[in-house]
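Novice: I am attaching a structure below and will ask some questions about it afterwards.
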Amino acid sequence: MVCEGGNSVTLRHVNDVIDVDLSVRLAGIVLSNPVVVASGTFGFGAEYEPYVDVSKLGAIVTKGLTLRPRDGNPPPRVWETPSGMLNCIGLQNPGLDGYLRDHLPALRSYGIPVIANIAGDTVEEYAKLASELERHGGADALEINISCPNVKRGGLAFGVDASSAAAVVAAVKDATSLPVIAKLSPNVTDVVHIAAACKEAGADALSLINTLLGMAIDVDRKRPALGNLFGGLSGPAVRPVAVRMVWQVYEAVDLPLIGMGGITKGRDAVEFILAGARAVAVGTGNFVDPACTLRVIDEIRDYMIRNGFRTVSEMVGLAHRRE
Amino acid sequence: MPVSANAAVKTIRQIISGVFRIVLDCPPIASEASPGQFVHVAVSGADSTDPLLRRPMSVCDVDVFQGGVTLVFRVVGRGTRELAQRREGETVSLMGPIGHGFELGMQVRQPLLVAGGMGIAPLLFLSKSLRAAGSVPLVLAGFARSRDVILIDDFRGYGAEVHVVTEDGTEGMTGRVTDYMDWAAQEMARRKPGNEIEVYACGPMPMLRAVQEWCLRSGVPGQVSLESRMACGTGACLGCAQLVVDPGGEKRYERVCREGPVFDVRRVIFPSD
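Taken in sequence, the protein lines are chains A and B.
Quick note, the first sequence lines up with residues 739 to 1061 if you use our numbering.
Quick note, the second sequence lines up with residues 416 to 688 if you use our numbering.
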């Protein structure tokens, strides 16, 4: 880093900038660092502008989009659990037109890759949304949401069955030349089976995991805590489940992985990378500390310096080594 | 623009059993906050993930010169219990000020403030601001019983006229605070004939529903501050959805943390149970 009016470079900065390269390639796009945000936890970026320099993120993953606007589920929509939370938002979103008109211009201003998370009731809807997003320059990559536990049709229904998951991925691949990332559900017997089916169908990368289906009862009201009865569990409580699934899929399926589930610190992110994730997403952590993402990036860099890693790829899957 | 900051505890004290008044040293929030806005408070220590989420708390008062932000909260669960255990000099992470607060308008209307229980907290800051703008608020302050009564001296210190209502009659007038809205309106009309009233209310949902019915029946405009379970406090997660209706009859969800917490009383659709 060059000081203003001079050309002196401090040793510390040499270490930071030259020795440690945080950038990663993922499904054909280059991220300046491996930290992205999990869909639905960061809105469309503008919500976090008071707290975060959004342009410093590896990429932004949008709130889940559908062709037409959706109202979402009746409240209560969130409920705290031990080191976690349940949500049943129900894909409330402005729809394709609202996204392109009201959110995309600001999203583009950050100068980082935009990954649009897409959902639909039918395979055709996923495909239509994908092609429309590409046609309007609405995304640099697509993350297919086949794992939302909070909508009646589509969503999770596609993600728990290998042939349905593959059908959605194949249709989206057919409809667009954008890189396609399939976001997998943990609510399955064998995540590797679904992951392999998505690869077979042409997925360029996989995100895992979406939330775990859960429930809470409000014992004061003596009713289900959430308006939609069930919700998705997220936060530090789910991290061991997510790390396990990243580990399993890394062993069996040769695709780049985005790991997520309860990351609030750099060490959490490194855990996912060592298990096999090439990138990581901060989700619920954004709610706890709005600047969580930037702290995680700094802490990954510190970890790399302390442990002598020069690139992120040196760390990816390292915990699988046999010596 | 809201900020995220670590604020030192200036003072913390229990004002009645289970209710705490904490003053946090946070000049940027003290100078930016307006009545009805809230702060999002990290109740756990820095390395703890349990309780995980922040707690939204209305700004009860600010001291712009000293940089103090006052919150008044009841210990109702683990989060508030953790916050109550903070000591002077320790820090608390805050986001804020957040949300759409009360609109003070052009002061052509006489302010009638209706408080229920802990809902009185944001109305103190509002009362101070209304007084500074030249109005004398009439405050109906409702509590379950005498030993729950809080903040009355603070309101009087800021020049408001306060009438306490307790459900069991152990202090002030007896009944529910909304039972006295007709009386208050008549009193205000008698003193300043021709002056229109505006209602500002905060309290439990059944009370707010009664306030809404009164406002609609009386043709009086009103603003209500709502509570919600909340995750992000930035508008991103859509967890704090509140059903509202537009004048055209169209219903939609708005965010308590962004379009609220203060809503036009006519727009709110309260849940049925």
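Glycine residues also receive a C-beta, built at the ideal position from the N, C-alpha and C atoms.
So, with DSSP's three-state summary, where would you put B:M620?
Specialist: helix
Novice: Please report whether the beta-carbon of A:F1025 lies at a distance below 7 angstroms from any beta-carbon of chain B.
Specialist: yes
Novice: Return the residue from the list A:K794, A:K911 and A:I932 that minimises the CA-CA distance to A:D899.
Specialist: A:I932
Novice: Taking only beta-carbon atoms, is B:T649 less than 7 angstroms away from chain A?
Specialist: yes
Novice: When burial is assigned at 16 or more other CB atoms within 10 Å of the CB, is B:W598 buried or exposed?
Specialist: So B:W598 counts as exposed.
Novice: How about B:F488: is its C-beta nearer than 7 angstroms to some C-beta of chain A?
Specialist: no
Novice: Using a Cβ cut-off of 7 angstroms (strictly closer), state whether A:P813 contacts chain B.
Specialist: yes
Novice: Relative to the C-alpha of B:K543, which residue among B:A575, B:G531, B:H515 and B:I513 is closest?
Specialist: B:A575
Novice: Measure the Cβ-Cβ separation of B:P442 and B:H455 and say whether it is below 7 angstroms.
Specialist: At least 7 angstroms separates the beta-carbon of B:P442 from that of B:H455.
Novice: Can you pull the chain B residues whose beta carbon is under 7 angstroms from the beta carbon of A:E785, in chain order?
Specialist: T649, G650 and A651
Novice: Less than 7 angstroms separating the beta-carbons of A:V918 and A:V926?
Specialist: no
Novice: Excluding five sequence neighbours on each side, which residues of the same chain lie with their C-beta closer than 6 angstroms to the C-beta of B:D465?
Specialist: none
Novice: At a Cβ threshold of 7 angstroms, is A:E818 touching chain B?
Specialist: yes
Novice: Three Cβ pairs or more, each shorter than 8 angstroms: is that satisfied between the segment 832-846 of chain A and the segment 811-822 of chain A?
Specialist: no
Novice: Just the Cα atoms here: how many angstroms apart are A:V752 and A:S761?
Specialist: Residue confidence for A:V752 is low, a pLDDT of 46 falling below 50, so the modelled location carries little weight; the figure read from the coordinates is stated next. Distance between the alpha carbons of A:V752 and A:S761 is about 16 angstroms.
Novice: Given this structure, state the Cα-to-Cα distance separating A:L769 from A:R977, to the nearest angstrom.
Specialist: Each residue's alpha carbon lies about 23 angstroms from the other.
Novice: Under 7 angstroms Cβ to Cβ from B:A499, same chain only, skipping five residues before and after it: list those, please.
Specialist: F435 and V490
Novice: For B:E642, count neighbouring Cβ atoms within 10 angstroms of its own Cβ and tell me buried if that reaches 16, exposed if not.
Specialist: buried
Novice: Would you check whether the ligand SAM has a heavy atom nearer than 6 angstroms to the C-beta of A:R808?
Specialist: As for the ligand SAM, it is missing from this structure, which has no ligand bound.
Novice: Compute the Euclidean distance between the alpha carbons of A:G781 and A:C936, then round it to the nearest angstrom.
Specialist: Each residue's alpha carbon lies about 26 angstroms from the other.
Novice: Residues of chain B with CB under 8 angstroms from A:N825, in chain order?
Specialist: A646, C652 and G654
Novice: With three or more beta-carbon pairs closer than 8 angstroms as the criterion, would you say the segment 611-630 of chain B touches the segment 565-585 of chain B?
Specialist: no
Novice: Which residues of chain A have a Cβ atom closer than 8 angstroms to the Cβ of B:R667, listed in chain order?
Specialist: The contacting residues are D809.
Novice: At the level of alpha carbons, what is the spacing between A:L946 and A:F968?
Specialist: Note on geometry: alpha-carbon atoms of A:L946 and A:F968 lie some 20 angstroms from one another.
Novice: Just verifying my parser: in three-state terms, what is the DSSP assignment at A:L749?
Specialist: Only weak support is given to the placement of A:L749: the predicted model assigns it a pLDDT of 45, under 50, and the question is left unresolved by the model.
Novice: Does the beta carbon of A:Y848 sit closer than 7 angstroms to a beta carbon anywhere in chain B?
Specialist: A:Y848 does not count as touching chain B.
Novice: For B:S419, which residues in chain A fall below 7 angstroms Cβ to Cβ?
Specialist: Y789, P1028 and A1029
Novice: Determine which residues of the segment 501-526 of chain B have a Cβ less than 7 angstroms from any Cβ of chain A, and write them out in chain order.
Specialist: M510
Novice: Between which two residues does the beta strand (DSSP E) containing B:I565 stretch?
Specialist: Counted as a single uninterrupted DSSP element, the stretch harbouring B:I565 is not any beta strand (DSSP E), since DSSP gives it neither H nor E.
Novice: Nearest-angstrom Cα distance between B:G511 and B:S463?
Specialist: 21 angstroms
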